[in-house]
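Q: My questions will all concern the structure given below.
Number of protein chains: 2
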Amino acid sequence: MAKSGPRRAGAPDIKVGRSADTRAALIRGAVAALGDVGFAGSSAREIADRAGCNQALVFYHFGSVTELLLAALDDVSARRLAAYSQALDEASSLTDLLESARTIFSEDLDSGHVAVLVEMITGAQSTPGLGEQVAARLAPWRDFAEVAVRKAVTGSPIALLVPTRELAHGVVAGFLGLELLASLDGDRVAALALFDRAGQVARLLDMAGAAFPAEDSTGDQT
Amino acid sequence: MAKSGPRRAGAPDIKVGRSADTRAALIRGAVAALGDVGFAGSSAREIADRAGCNQALVFYHFGSVTELLLAALDDVSARRLAAYSQALDEASSLTDLLESARTIFSEDLDSGHVAVLVEMITGAQSTPGLGEQVAARLAPWRDFAEVAVRKAVTGSPIALLVPTRELAHGVVAGFLGLELLASLDGDRVAALALFDRAGQVARLLDMAGAAFPAEDSTGDQT
DNA sequence: TACGGTATTGAGCAATTGCTCAAACTATTC
DNA sequence: GAATAGTTTGAGCAATTGCTCAATACCGTA
Chain A
108 MAKSGPRRAG APDIKVGRSA DTRAALIRGA VAALGDVGFA GSSAREIADR AGCNQALVFY
168 HFGSVTELLL AALDDVSARR LAAYSQALDE ASSLTDLLES ARTIFSEDLD SGHVAVLVEM
228 ITGAQSTPGL GEQVAARLAP WRDFAEVAVR KAVTGSPIAL LVPTRELAHG VVAGFLGLEL
288 LASLDGDRVA ALALFDRAGQ VARLLDMAGA AFPAEDSTGD QT
Chain B
108 MAKSGPRRAG APDIKVGRSA DTRAALIRGA VAALGDVGFA GSSAREIADR AGCNQALVFY
168 HFGSVTELLL AALDDVSARR LAAYSQALDE ASSLTDLLES ARTIFSEDLD SGHVAVLVEM
228 ITGAQSTPGL GEQVAARLAP WRDFAEVAVR KAVTGSPIAL LVPTRELAHG VVAGFLGLEL
288 LASLDGDRVA ALALFDRAGQ VARLLDMAGA AFPAEDSTGD QT
C-alpha cells in the first residue's frame, strides 16, 4: 500500500478514527472470504466473522456487501497494478519484464490475490449491473497496457497479457481440480495456439524473432 | 397451448403433461436459466418457471436442484461430445478437423451450450463437493482426447484443445463486456503464447509443419 | 365406471440472505 | 462529571432459498 507522494488528493477522506482499522479488517476479511468460499459464499456475516466484528459494520462502513467486495477488488487490483508498473519501469528488456511479471504473478497466486480477481470477475455475472462496475474498477489496467505497449516494440502488450492470460488459464485450469482442464499446462496451451493459428505462425515468428534475438540472450529495447 | 414436441427451440413455455416431457422441459429450463441468470440465479423456482411447471417437480424428478443442473450439464456435454466425435471420425485431415470443430463450437456458442459448461464449471466453485462431480461428468472428454491424440499425429490433442481453449478464452473475455479482457482476440492470445514461450517456438513449429502440410487453406489473414 | 398408481400442485417450514434500527459503548472536549 | 459525536452491537424484518408434504388431478386398466 505505497501511498507515496507529498500531497495526493483524490481519495475520498472518510471519518478517521478507530473506524480505519475496522475498514481495513473488513477488506482483509473480504479478500480472505473471496479466496476461501468464493463470491457466492462471501456474505456480510461470513466476512464480518473473518474480520472479527459484527456484520452490521459492513453496512455502516460500506453501505452494502457489494461495495465492500468492490473495495476489496480495488485494494487487490491497485496492489497488483503497482507491482507490475514498477516492474515495467525497471525492466531493461522484454525478457526481463516477462520474468518479473511471472515472479509477481506467482506471489499473487500464493497470497490469494489472483483468486480475488477471478472471483470478482466471474461472480459479478450473477449480480445484474455488477459486471460494469467491476470493469470500471479494472479500467486502470487498460491504461497500463497502453503504456506497456508504447514501451514495448512489437505492439503486443506482453506485460498485460502475461497476467491476463495466466488469469484466463487459471480460471479454467485451476477450478476445483478439474482434471480435464488442469492437465492443460502452459506448454500445451502454447502448442494449441500454434496449431490453432498455424497460418499465422510465420508472421508471428518474424515478430518473435525481432523481439527475441536468441533464446537466452536478452534483446534490449526500451 | 404449447404442444408437446421434441423440437429444441427457445420458447420457454412448454406444457407439461407426462413425466418424460417434464424431465426434458426441466432440463431445457435449466439450460436456459444457466445461460440467462447464471449458476447462482438458477433456483428451483426460476427453472420451473421457465419449464412452465411447479417448482416441486424439480425435487420429484431430480431430487435436488444440483442434480437437475448436473443433468443439464450431462445433456449439453453429451451433445457437444457427440458432435466433436463425429467430426473427428469424418475428418480427413487435421485442418479439416479444426474447421469442423470451429463450426460446431460456433453453433454451441449461439445455442448457449457453451454458457452451460462455463456456468457449471465456474459456479461449482461455490458449492462444496460439486466441483468433483462436474469433473466426473466431464470425464468422457478426456477419453475423447486420447482417441483424438491417437488419430492425430503430433501428440497434441487438438480436437479437445480447440473447445477447451475457446472455453478458457470465453470465460474471461466474454464476461460482462469487460473491455480490458474482451480486447484480447484470438490473434493476440496466440501471439502471447508465442512470445511467452519463444524458446519452444522452433520445436513446436517442426510439429506444426508435420501436421499441416499445406496450411494456407484456412483463409485466415496472413 | 371404479380403481390404483403416477404426476402435479400449493402451502408451508427451516435456514440464510441483505439490510435496518434503536440501544449501548467509547473517546474527545468542555 | 456531562455533553457530544462517532462506533459497535444484537435483535429483528422481509425476501429468497432448498426442500417436504398432504391433497388432488391425471391416466391406463379392470
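Protein sequences appear in the order of chains A and B. The first sequence: position 207 = 314 (our numbering), numbered continuously. The second sequence: position 1 = 108 (our numbering), numbered continuously. The beta-carbon is built from N, C-alpha and C at its ideal position, and this holds for glycine as well.
Please confirm whether S192(B) has its beta-carbon closer than 9 Å to some beta-carbon of chain A.
A: As a first step, residue 192(B) is located in the second sequence; it is residue number 85 there, counting from the start. No, S192(B) does not count as interfacial toward chain A.
Q: Since I believe S184(B) is in contact with L331(B) (beta carbons under 8 Å), could you give me their beta-carbon distance rounded to a whole number of angstroms?
A: Since the first residue shown for chain B is 108 and the last is 329, residue 331(B) is missing from the structure and cannot be characterised.
Q: By the three-class DSSP mapping on this structure, what secondary structure does L245(A) have?
A: Stepping through the first sequence from its first residue, residue 245(A) is reached at position 138. The answer is coil: DSSP assigns L245(A) none of H, G, I, E or B.
Q: With A158(B) as the anchor, note down where its alpha helix (DSSP H) starts and where it stops.
A: The sequence position of residue 158(B) within the second sequence is 51, counting from 1. Residues A151 to A158.
Q: Would you report the Cα separation of V225(B) and D128(A), rounded to the nearest angstrom?
A: One-based indexing of the second sequence puts residue 225(B) at position 118. One-based indexing of the first sequence puts residue 128(A) at position 21. C-alpha separation (whole angstroms): 38 Å.
Q: Please return the same chain residues whose Cβ sits closer than 7 Å to the Cβ of A190(B), not counting the five positions on each side in sequence.
A: In the second sequence, residue 190(B) corresponds to position 83, counting from 1. Same-chain partners within the cutoff: I211.
Q: Please list, in chain order, the chain A residues whose beta carbon lies closer than 8 Å to that of G142(B).
A: Start at 1 with the first residue of the second sequence, and residue 142(B) comes out as number 35. The premise fails here: G142(B) is roughly 11 Å from chain A at the closest Cβ pair, so nothing lies under 8 Å.
Q: May I have the straight-line CA-CA distance separating A198(A) from R186(A), to the nearest angstrom?
A: For the purposes of this step, residue 198(A) is taken as residue 91 along the first sequence, with counting starting at 1. For the purposes of this step, residue 186(A) is taken as residue 79 along the first sequence, with counting starting at 1. Each residue's alpha carbon lies about 18 Å from the other.
Q: For V223(A), tell me which candidate among L195(A), G236(A) and L175(A) has the shortest Cα-Cα distance.
A: Mapped onto the first sequence, residue 223(A) falls at position 116. The option with the nearest alpha carbon to V223(A) is L175(A).
Q: Against chain B, does G148(A) count as a neighbour if the rule is that its beta carbon must be under 9 Å from one of theirs?
A: As a first step, residue 148(A) must be located in the first sequence, where it is residue number 41. Judged by the 9 Å Cβ criterion, G148(A) is in contact with chain B.
Q: Kindly indicate the opening and closing residues of the alpha helix (DSSP H) around A198(B).
A: If you number the second sequence from 1, residue 198(B) lands on position 91. From DSSP, A198(B) is part of no alpha helix (DSSP H); its letter is neither H nor E.
Q: Have a look at V144(A) and D156(A) and give me their C-alpha separation to the nearest angstrom.
A: For the purposes of this step, residue 144(A) is taken as the residue at position 37 of the first sequence. For the purposes of this step, residue 156(A) is taken as the residue at position 49 of the first sequence. C-alpha separation (whole angstroms): 13 Å.
Q: When the Cα atoms are used, what is the spatial distance from E239(A) to L195(A)?
A: Numbered from its first residue, the first sequence carries residue 239(A) at position 132. Numbered from its first residue, the first sequence carries residue 195(A) at position 88. Approximately 28 Å, taken between the alpha carbons.
Q: Report yes if the C-beta distance between G219(A) and V138(A) is below 9 Å; otherwise report no.
A: Residue mapping note: residue 219(A) aligns to position 112 of the first sequence, counting from 1. Residue mapping note: residue 138(A) aligns to position 31 of the first sequence, counting from 1. Result yes, Cβ atoms of G219(A) and V138(A) sit closer than 9 Å.
Q: State the CB to CB distance for the pair A158(B) and A132(B), rounded to an integer number of angstroms; the pair is presumed to be in contact (CB under 8 Å).
A: Here residue 158(B) corresponds to residue number 51 of the second sequence, with the count starting at 1. Here residue 132(B) corresponds to residue number 25 of the second sequence, with the count starting at 1. With 8 Å as the limit, A158(B) and A132(B) qualify as a contact, their Cβ atoms being about 4 Å apart.
Q: Determine the closest residue to T173(B) out of C160(B), S149(B), R135(B) and L188(B), with distance taken between C-alpha atoms.
A: Position 66 of the second sequence, counting from 1, holds the residue named residue 173(B). T173(B) has its Cα closest to that of S149(B), out of C160(B), S149(B), R135(B) and L188(B).
Q: From the beta carbon of T229(A), is the nearest beta carbon of chain B less than 9 Å away?
A: Residue numbering aside, residue 229(A) sits at position 122 when the first sequence is read from its first letter. It does: the Cβ of T229(A) has a partner Cβ on chain B nearer than 9 Å.
Q: Can you tell me whether Q162(A) is helix, strand or coil according to DSSP?
A: Here the question's residue 162(A) lines up with position 55 in the first sequence. Here Q162(A) carries a coil assignment [DSSP, helix/strand/coil].
Q: Can you tell me whether A231(B) is buried or exposed? The criterion is at least 16 other CB atoms within 10 Å of its CB, across all chains shown.
A: Here residue 231(B) refers to the residue found at position 124 when the second sequence is read from its first residue. Buried: at least 16 other Cβ atoms inside 10 Å.
Q: Under a Cβ-count criterion, where at least 16 other Cβ atoms within 10 Å of its own Cβ denotes burial, should D217(A) be classed as buried or exposed?
A: The residue labelled residue 217(A) in the question sits at position 110 within the first sequence. That one is exposed.
Q: Verify whether the separation of the beta carbon atoms of F104(A) and R135(A) is less than 9 Å.
A: Chain A is shown only over 108 to 329; residue 104(A) falls outside these bounds and no answer can be derived.
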